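Asker: Below is a structure I'd like to ask you about.
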Amino acid sequence: MFLEITKNQYFTINIIDFGTKGEGIGKIDTFTVFINGGVPGDKLEIKIIKVKKNYGFAKLIKIIKPSPDRVVPKCELSPKCGGCQLQHLDYSAQLRFKEKKIKDNLTRIGGFQDLAINPILDMSEPYHYRNKAQFAVDYKDQQFQTGLYTLRSHEVVDTPSCLIMHPLINQVIKRIRDFVAQTQISIYDEKKQTGLFRYLVVRVGFNTQELMVCLVLNSLEFTYDQELIAVFKDLPQVQSLVLNYNLASGNNVLGTTSKVLQGSPYIQEHMAGLKFKISPLSFFQVNPVQVEKLYQKVLDFAELDGSETVWDLYCGIGTIALYLAAHLVTPSSGKVYGIEIVPDAIKDAQENAKLNKIKNAHFLVGKAEEIFLQESQKKDFQADLVVLNPPRKGCEKVLLEVLTKVKPRKIIYVSCDPATLARDLKILCQDYYTLTHVQPVDMFPQTVHVETVACLTLV
1450 MFLEITKNQY FTINIIDFGT KGEGIGKIDT FTVFINGGVP GDKLEIKIIK VKKNYGFAKL
1510 IKIIKPSPDR VVPKCELSPK CGGCQLQHLD YSAQLRFKEK KIKDNLTRIG GFQDLAINPI
1570 LDMSEPYHYR NKAQFAVDYK DQQFQTGLYT LRSHEVVDTP SCLIMHPLIN QVIKRIRDFV
1630 AQTQISIYDE KKQTGLFRYL VVRVGFNTQE LMVCLVLNSL EFTYDQELIA VFKDLPQVQS
1690 LVLNYNLASG NNVLGTTSKV LQGSPYIQEH MAGLKFKISP LSFFQVNPVQ VEKLYQKVLD
1750 FAELDGSETV WDLYCGIGTI ALYLAAHLVT PSSGKVYGIE IVPDAIKDAQ ENAKLNKIKN
1810 AHFLVGKAEE IFLQESQKKD FQADLVVLNP PRKGCEKVLL EVLTKVKPRK IIYVSCDPAT
1870 LARDLKILCQ DYYTLTHVQP VDMFPQTVHV ETVACLTLV
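Letter by letter, the sequence shown follows residues 1450 to 1908 in our numbering.
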């Protein structure tokens, strides 16, 4: 006889594993329960909050016996905030979770067996690593709030400062809160789609200490120019003060139009021996400490001799492409081509090539699968190495098909999602490539996210 599980029941449960999103997993007889905040080794009192056919979700009520891997979060907001899903987990256990997540996906989805995965590249200081904050704003209980959303909701968790942000970003947040208190600027209401101030985006160069402050507005009418400028007059690191206009409904944070209120339209960052201009809409890796380790692994796996033709098919503002191009500067004729669908990103990539005096990098606008196919049909086409760094959804299937026809000697795949990585590698390795290296990189400590560098060699 099976125990009937219903909503609002209380149980004592032992946590035996993690889910892919960092939830604790336990069993009530054969019924699987997912509990946010649970850690393998915990004994918990839980309350069932949702029931499906063979599984359910529960709320953690009480920790009866903590796991040896459980720690007290440094941030009191972490159980509620959607930003740090693993702050209650010892850092070494976080790393084990991420390594296992990659291996499980490569085995279950990719079909790779007995796979040797390199030890994850960790951080010596796994806090204050983010160079970008993208905060929602709200007005609740007559108080202005900035922060991230709670898990699976659009309720803002008020966050006066954040432990994974660079300290200069936290200084900006404090000043923006003072600015709102002083001006009483109207705050955007998502349901009514009224109010002026919609989001706050802050970027910082770790190695330059340059700050960009960007207010995302719901209207072109902004009458607080001088007040906003005055807020930052004693913070000389602010090199770029920008208004961005997002008048559309939906969840996109930034609009396509911006106005520089004071300073420069971009900030600079120095990374891996190169200089980069970063504008409000630029994609730039959020953890510059770890990204240098990641790029070094890409270079190690590439084993360049200087004569190769390299294609970076999701090049963004050209960070990987330019890094590799800088290592192709020899008397031979090595070249790097970057493809990116966002025109502004390509403009940034071209500017960054000029900034670094790199002449052997060329950038093309368009969909990777379309441009790469067109280029591959030219007589003088060559592709010794292809670098893939797609968004979370992975590569388009048609691009993978083009790659299996072009057959570059080596493919290096940089992924932020182990599931889509495994799916794509399964296609590439079916008949054409061998997976030779898998390198996890802890780009996002305190969270469930992990970056992976995979190297494929032509059979």
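For each residue, glycine too, the CB sits at the ideal point set by N, CA and C.
From a predicted model like this one, the values you see are computed outputs, not experimental measurements.
Going residue by residue through the stretch 1697-1758, where are the continuous beta strand (DSSP E) segments of at least 3 residues, counting only ones entirely within it?
Answerer: 1706-1712, 1716-1720 and 1723-1727, all fully within the stretch 1697-1758.
Asker: Where does residue 1483 fall in DSSP's three states?
Answerer: strand
Asker: Is residue 1539 helix, strand or coil when you go by DSSP?
Answerer: coil
Asker: Buried or exposed for residue 1830, going by 16 or more other Cβ atoms inside 10 Å?
Answerer: exposed
Asker: Can you pull the DSSP bridge partners for residue 1674?
Answerer: None, per the DSSP bridge assignment.
Asker: Just to confirm, are residue 1497 and residue 1510 a CB contact at a threshold of 8 Å?
Answerer: no
Asker: To the nearest angstrom, how far is the alpha carbon of residue 1812 from that of residue 1488?
Answerer: Rounded to the nearest angstrom, the two C-alpha atoms are 46 Å apart.
Asker: Rank 1816, 1863 and 1540 by C-alpha distance to the C-alpha of residue 1845 and give the top, closest one.
Answerer: Of 1816, 1863 and 1540, the residue nearest in Cα terms is 1816.
Asker: Of all the options 1615, 1636, 1714 and 1638, which has the alpha carbon lying nearest to the alpha carbon of residue 1661?
Answerer: 1714
Asker: In this structure, does DSSP put residue 1862 in helix, strand or coil?
Answerer: DSSP places residue 1862 within a strand segment (E or B) once states are collapsed to three.
Asker: I need the straight-line Cα distance from residue 1696 to residue 1531, nearest angstrom please.
Answerer: 25 Å
Asker: Please work out which residues of its chain come closer than 6 Å, Cβ to Cβ, to residue 1594, disregarding the five sequence neighbours upstream and downstream, and give them in chain order.
Answerer: So the qualifying residues of the chain are 1587, 1605 and 1607.
Asker: To which residues does DSSP link residue 1503 through a beta bridge?
Answerer: According to DSSP, which records beta bridges pairwise, residue 1503 is partnered with nothing at all.
Asker: On the criterion of 16 or more Cβ atoms from any shown chain inside 10 Å, does residue 1568 qualify as buried, or is it exposed?
Answerer: The Cβ neighbour count for residue 1568, taken over all protein chains shown within 10 Å, is under 16; the residue is labelled exposed.
Asker: Apart from the five residues on each side of it in sequence, which residues of its chain come closer than 6 Å, Cβ to Cβ, to residue 1893?
Answerer: none
Asker: Using the C-alpha atoms, what's the distance from residue 1720 back to residue 1687?
Answerer: 19 Å
Asker: Looking only at DSSP bridge pairs, what is residue 1886 linked to?
Answerer: 1904
Asker: Can you list, in chain order, the residues of its chain whose CB lies under 6 Å from that of residue 1492, leaving out five sequence neighbours each side?
Answerer: Excluding sequence neighbours, residue 1492 sits near 1463, 1513 and 1514.
Asker: Using DSSP's beta-bridge definition, name the partner residues of residue 1579.
Answerer: Paired residue(s): 1614.
Asker: At a cut of 8 Å, does the stretch 1884-1902 reach the stretch 1519-1539 through at least three beta carbon pairs?
Answerer: Yes, they touch.
Asker: Please look up how many angstroms separate the CB atoms of residue 1770 and residue 1809, rounded, as I've assumed it's under 8 Å.
Answerer: With 8 Å as the limit, residue 1770 and residue 1809 do not qualify as a contact, their Cβ atoms being about 10 Å apart.
Asker: What is the C-beta distance between residue 1849 and residue 1876, in whole angstroms, given that I count them as a contact (C-beta under 8 Å)?
Answerer: 5 Å
Asker: On the DSSP bridge list, what partners appear for residue 1837?
Answerer: 1862
Asker: Measure the alpha-carbon distance for residue 1518 versus residue 1541 and round it to whole angstroms.
Answerer: 8 Å
Asker: Please determine, among 1579, 1482, 1819 and 1555, the residue with the shortest C-alpha to C-alpha distance to residue 1611.
Answerer: Answer by Cα proximity: 1579.
Asker: Tell me whether residue 1625 sits in a helix, a strand or coil according to DSSP, three-state version.
Answerer: helix
Asker: Check whether the stretch 1664-1684 touches the stretch 1623-1640, counting contact only when three or more Cβ pairs, one atom from each stretch, lie closer than 8 Å.
Answerer: yes
Asker: Taking the alpha-carbon of residue 1623 as reference, which of 1570, 1649, 1639 and 1453 has the nearest alpha-carbon?
Answerer: 1649
Asker: Have a look at residue 1465 and residue 1549 and give me their C-alpha separation to the nearest angstrom.
Answerer: One C-alpha to the other measures close to 14 Å.
Asker: Excluding the 5 residues flanking residue 1933 on each side, which residues of the same chain have their C-beta closer than 7 Å to its C-beta?
Answerer: Coverage of the chain is limited to positions 1450 through 1908, which leaves residue 1933 absent and any answer about it impossible.
Asker: Who pairs with residue 1588 in a beta bridge, going by DSSP?
Answerer: Answer by DSSP bridge pairing, in chain order: 1593.
Asker: Based on Cα-Cα distance, which residue from 1874, 1890, 1902 and 1499 lies nearest to residue 1560?
Answerer: 1874
Asker: Quick check: what's the CA-CA separation for residue 1468 versus residue 1633?
Answerer: 43 Å
Asker: Give the straight-line distance between the Cα atoms of residue 1802 and residue 1709, rounded to the nearest whole angstrom.
Answerer: 23 Å
Asker: Going by CA-CA distance only, name the one from 1858, 1853, 1869 and 1857 that's closest to residue 1931.
Answerer: Residue 1931 lies beyond the stretch modelled for the chain, which goes from 1450 to 1908, so this question has no answer here.
Asker: Is residue 1769 helix, strand or coil by DSSP?
Answerer: helix
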